[in-house]
Amino acid sequence: MMRVAARLKRVPTTNNGTNVAQNAFKNSTRRYLNTHSMTQYNDSDEVQQIRQSVRSICADFPGEYWRELDKVEEYPTDFVKAMTESGFLGILIPEEYGGSGLGLKEATVVLEEIHRAGCNAGAAHAQMYIMGSILHSGTTDQQTRFLPKIASGELRLQAFGVTEPNSGTDTLSLQTKATQNADGDWLINGSKMWTSRAEHSDLMLVLARTGDGSEPRGKQLTTFLVDMRDQPGLEIKPVKTMMNHSSTAVFLENVVAKKEDIIGGIGGGFKTVLKGMNAERVLIASECIGDGRYFIDKATEYASEREVFGRPIGQNQGIQFPIAQAYCELEAAALMVNLAAEKFDRGEDIGAEANISKHLAAEASFKCGDECIQTFGGFGFAREYDIERKFRETRLYRVAPISTNLVLSYVGEKILKMPRSY
Ligand SMILES: Cc1cc2nc3c(=O)[nH]c(=O)nc-3n(C[C@H](O)[C@H](O)[C@H](O)COP(=O)(O)OP(=O)(O)OC[C@H]3O[C@@H](n4cnc5c(N)ncnc54)[C@H](O)[C@@H]3O)c2cc1C
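Residue numbers for the sequence shown follow this note's numbering, beginning at 676 and rising by one.
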């Protein structure tokens, strides 16, 4: 128990020094009792403590907080500050660079618990994983310059510019171009679409075209770590979406990337980005698992309390079975997420597990949300119950960061070896 407390930046305490996590867990026990989570059977003490600590932070950010932000479409600054100060966003950064040095398994637990508590990690999760590019493909100089500041929150690396107005799924066709100036630095021109959190980030990882077209397709792109501060040629425009996700379109006109800030070498951009995608998919999947557990908690509680025709609606199998079915699918997805994270932490390839877990978890959370709304009847649509908000939020994950069709095509072609479609 002590080990994780020491490794995380701060485990909050009350005025009399007792662990807030334990108090908050006691207070919130009822909220978490309804759903039995089978995947927690092998939770270590460390993982249990992380769960409790995240729950205690999230207890300060109840539904009203998210509802209000959703209404005015604003960024959850206080929540992100609390998560940053807790050290959880630096959980994957090695201790030598000021992070917690924990694994993907622990990181999935953090995101799952945030979502299970009714919060939304979308505002901050990228701080956890974009830095993975520096970790696996950066030079020692880049790691030393950036990782400690990212771990402390002094630098926010939350923006990831891959998608463009005319290239989403087909990444290799992106058009943003980088050319070298006389000093050897790079000038980037083009536009990015759906760059989440660009207004709340100091750095942005940008994938741009550097090849002249003569290289193999996969070697024409380069990844740049761009300092977004003081860039006159950078314009960020918010894009309104069905959920509060800080989505933007980014326009780049002679935006400067320093020659020493190429991650993964010239022409190595696609490979660099691909390397980080498996971890990202597993982390997003864990958010879906958290959403699913939130919906099952809410649905089972309501089904047991709401009386129609003089008896609880959950007594009717027409209400009970769909919730049970959604729960079964959620648990199966959670097992796959667990497996993917554990294999990743052992250094094994998780292409199949990452894709399958992301797909199953996104489908399961959507189903849990749909059945939750059905259980609540009309009240499922009322803003004050938060279910419609969570439903809108979890819907995203069937499209981003990779859409269902593309996962299925990975499974069909890469795993099952059927003919390629593209
Ligand atoms: C809220 C939000 C936040 C996002 N954040 C980011 C971010 O921070 N950074 C970033 O770079 N991107 C981000 N994205 C972009 C996201 O990754 C893309 O939307 C996603 O990859 C799909 O690309 P697309 O929207 O261009 O769809 P398209 O590529 O236009 O595809 C449209 C549809 O056609 C399907 N399709 C395409 N080709 C095939 C095929 N061969 N077979 C079968 N089906 C096919 C797709 O699956 C999809 O359903 C975000 C998107 C959203 C909505």
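Every residue, glycine too, gets a C-beta built ideally from N, C-alpha and C.
Secondary-structure assignment with DSSP links Ser-1040 through no beta bridge to anything.
By the Cβ-count criterion, Asp-1024 is exposed, with fewer than 16 other Cβ atoms from all chains shown falling within 10 Å of its own Cβ. Of all alpha-carbon atoms in Leu-786, Asn-795, Phe-821 and Glu-1063, the one lying nearest the alpha-carbon of Glu-935 is that of Phe-821.
The Cβ-Cβ distance between Asn-1013 and Val-1082 does not fall below 8 Å.
One thing to note: Glu-955 has its Cβ within 8 Å of the Cβ of Pro-1076.
In the structure shown, the three-state DSSP call for Ala-857 is coil. For the pair Ala-834 and Ala-1007, the Cα-to-Cα distance works out to about 32 Å. Between ligand 1 and the CB of Gly-836, the shortest heavy atom gap is smaller than 7 Å. If the five residues before and after Glu-874 are omitted, its C-beta is found closer than 8 Å to the C-beta atoms of Tyr-750, Ile-911, Pro-913, Ser-921 and Thr-923, all from its own chain and listed in chain order. Taking a 10 Å sphere around the C-beta of Phe-1051, we find 16 or more other C-beta atoms and assign the residue as buried. Minimum Cα-Cα distance from Asn-919 among the listed residues Ala-796, Gly-859 and Arg-1021 corresponds to Ala-796.
Closest in alpha carbon position to Gly-765, among Ile-971, Glu-982, Gly-1087 and Ala-801, is Ala-801.
The beta carbons of Gly-942 and Thr-897 sit closer together than 8 Å. Between the beta-carbon of Leu-880 and that of Leu-900 there is about 6 Å, and that keeps the pair under the 8 Å contact cut. Under the 8 Å Cβ criterion, the region 995-1006 counts as touching the region 1040-1049, having at least three qualifying pairs. Close CB contacts of Leu-830 within its chain, under the 8 Å cut and outside five residues either way in sequence, are with Phe-821, Lys-824, Asp-877 and Leu-878 (chain order). Per DSSP, Ala-1015 is not a residue of any beta strand (DSSP E); the alpha helix (DSSP H) it occupies stretches across 992-1020.
Leu-1081 has its CB nearer than 7 Å to a heavy atom of ligand 1. Gln-850 is positioned such that its CB atom lies no closer than 8 Å to that of Gly-836. For His-920, the CB falls within less than 7 Å of some heavy atom of ligand 1. Assignment of Ala-734 by DSSP, reduced to helix, strand and coil, places it in the coil class. Sequence-distant partners of Met-758 (beyond 5 residues in either direction) whose C-beta falls short of 6 Å from its own C-beta, in its chain, are Leu-764 and Ala-799.
The Cβ atoms of Leu-786 and Gly-993 do not sit closer than 8 Å to each other.
In the three-state DSSP reduction, Asp-877 falls in the coil class, being neither helix nor strand. The beta-carbon distance between Asp-1020 and Leu-779, rounded to whole angstroms, is 5 Å. This is short enough to meet the 8 Å contact definition. With respect to the C-alpha of Pro-840, the residue from Phe-736, Glu-743, Lys-852 and Trp-869 having the closest C-alpha is Trp-869. Spatial neighbours of Phe-1056 in its own chain (CB-CB distance under 6 Å, excluding positions within 5 residues in sequence) are listed in chain order as Glu-1063. Ser-866 has its CB no nearer than 7 Å to any heavy atom of ligand 1. For Gln-850, there is no enclosing alpha helix (DSSP H), as DSSP marks it with neither H nor E.
Residue state for Leu-900 is assigned as strand, using DSSP reduced to three classes. Pairing Ile-971 with Ala-978 gives a Cβ-Cβ distance that is not under 8 Å. Distance from the CA of Pro-891 to the CA of Gly-774, rounded to the nearest whole angstrom, comes to 37 Å.
Membership of Glu-928 in the beta strand (DSSP E) is indicated by the continuous run 923-932.
The three-state reading of DSSP puts Met-806 in coil, since its state is none of H, G, I, E or B.
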